[in-house]
Amino acid sequence: MQVIKYAFQQHGDERGMLVALEEFKDIPFEIKRVYFMYETKSDIHRGFHAHKNLEQILICIHGSCKVRLDNGLEKKVVSLEKPYEGLYISNDMWREMYDFSEDAVLLVLASDFYHEEDYIRDYDEFIEFSRKKSR
Ligand code: TYD
C-alpha cells in the first residue's frame, strides 16, 4: 500500500514561513471544498468512512494528529506533524483520524462538494466496494 505524503514548498525568510497551494500544481485535483477540524478532543477518533468518488489532501496546519488508512487489505498509520506536509487520500481508503494534539487544526482540501451519498460509512460495504474495484 502506497502512502502519498507531499512535502510542500516552503517560502521562508526572516519574517517567517509561507506555504502556497495551487490546484493542478501542488494539489493534483480541482479544489472544490475546504474544511477544517479544530478543538478535537484528545480521545476522539473521527472519520470511519471511505468515499465512492473523492480525493482529499489532509494538512495538519497546526499541532499534530494521526491518520489510519485502510485499503481493505492493508492498514497504515501516518503522523501529520508539520504544516507543510500533505497526506493524499484517494476515494477507496477507509480513514480514521485520532491522537489530535490540543492545538491541532486539520485542514482538508477536497475534490468535490459535500455529498452524503458519496460516503461509505459501513465497513463491510467498504470491503465489498474495494473488492469489486480490484476485480
Ligand atoms: P462528519 O462526517 O461526522 O465528520 P468526520 O468524517 O470527521 O467524522 O461531519 C460532521 C458534520 O459536518 C456532519 O453533520 C456533516 C457536516 N459536514 C458538512 O456539512 N460539510 C462537509 O464538508 C463535511 C466534511 C461535514
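All letters in the sequence shown, in the order written, are residues 1025 to 1159 by our numbering.
For every residue, glycine included, the Cβ atom is placed at its ideal position computed from N, Cα and C.
Burial state of residue i, where buried means 16 or more other Cβ atoms lie within 10 Å
{"i": "PHE1091", "result": "A quick correction: the sequence has Val, not Phe, at residue 1091. It is buried - the Cβ of VAL1091 has at least 16 other Cβ atoms within 10 Å."}
{"i": "SER1135", "result": "buried"}
{"i": "LEU1042", "result": "exposed"}
{"i": "PHE1124", "result": "buried"}
{"i": "SER1066", "result": "exposed"}
{"i": "GLU1109", "result": "buried"}
{"i": "ALA1074", "result": "buried"}
{"i": "PHE1048", "result": "exposed"}
{"i": "PHE1137", "result": "exposed"}
{"i": "ILE1051", "result": "buried"}
{"i": "SER1158", "result": "exposed"}
Member of the options whose CA lies at the smallest distance from the CA of residue i
{"i": "ASP1146", "options": "ARG1119, LEU1131, PHE1137, ALA1134", "result": "ARG1119"}
{"i": "GLY1087", "options": "GLN1080, LYS1106, PHE1053", "result": "LYS1106"}
{"i": "PHE1060", "options": "PHE1053, ASP1037, ALA1128", "result": "ALA1128"}
{"i": "ILE1113", "options": "SER1066, ILE1083, GLU1140", "result": "ILE1083"}
{"i": "GLY1071", "options": "ILE1055, TYR1143, ILE1151, ASP1148", "result": "TYR1143"}
{"i": "LYS1156", "options": "GLY1096, TYR1030, LYS1029", "result": "GLY1096"}
Euclidean distance between Cα positions of residue i and residue j
{"i": "LEU1078", "j": "GLN1033", "result": "24 Å"}
{"i": "MET1025", "j": "GLU1098", "result": "7 Å"}
{"i": "GLU1046", "j": "ASP1116", "result": "24 Å"}
{"i": "GLN1080", "j": "ILE1068", "result": "21 Å"}
{"i": "LEU1133", "j": "VAL1058", "result": "5 Å"}
{"i": "ASP1094", "j": "THR1064", "result": "22 Å"}
{"i": "ASP1037", "j": "VAL1101", "result": "33 Å"}
{"i": "GLY1161", "j": "ASP1148", "result": "Here the chain comprises residues numbered 1025 to 1159, so residue 1161 is not present and cannot be evaluated."}
{"i": "HIS1035", "j": "LYS1056", "result": "25 Å"}
{"i": "LEU1131", "j": "ILE1085", "result": "7 Å"}
{"i": "MET1121", "j": "LEU1104", "result": "10 Å"}
**Prompt:** Which residue spans inside the stretch 1113 to 1139 form an unbroken beta strand (DSSP E) run of at least 3?
**Reply:** Listed in chain order, the complete beta strand (DSSP E) runs (minimum 3 residues) inside the stretch 1113 to 1139 are 1118 to 1122, 1129 to 1134.
**Request:** Tell me the start and end of each unbroken beta strand (DSSP E) in the stretch 1035 to 1091 that is at least 3 residues and wholly inside, in chain order.
**Result:** With a minimum length of 3 residues, the continuous beta strand (DSSP E) runs that stay inside the stretch 1035 to 1091 are 1035 to 1037, 1040 to 1042, 1057 to 1062, 1070 to 1075, 1080 to 1086.
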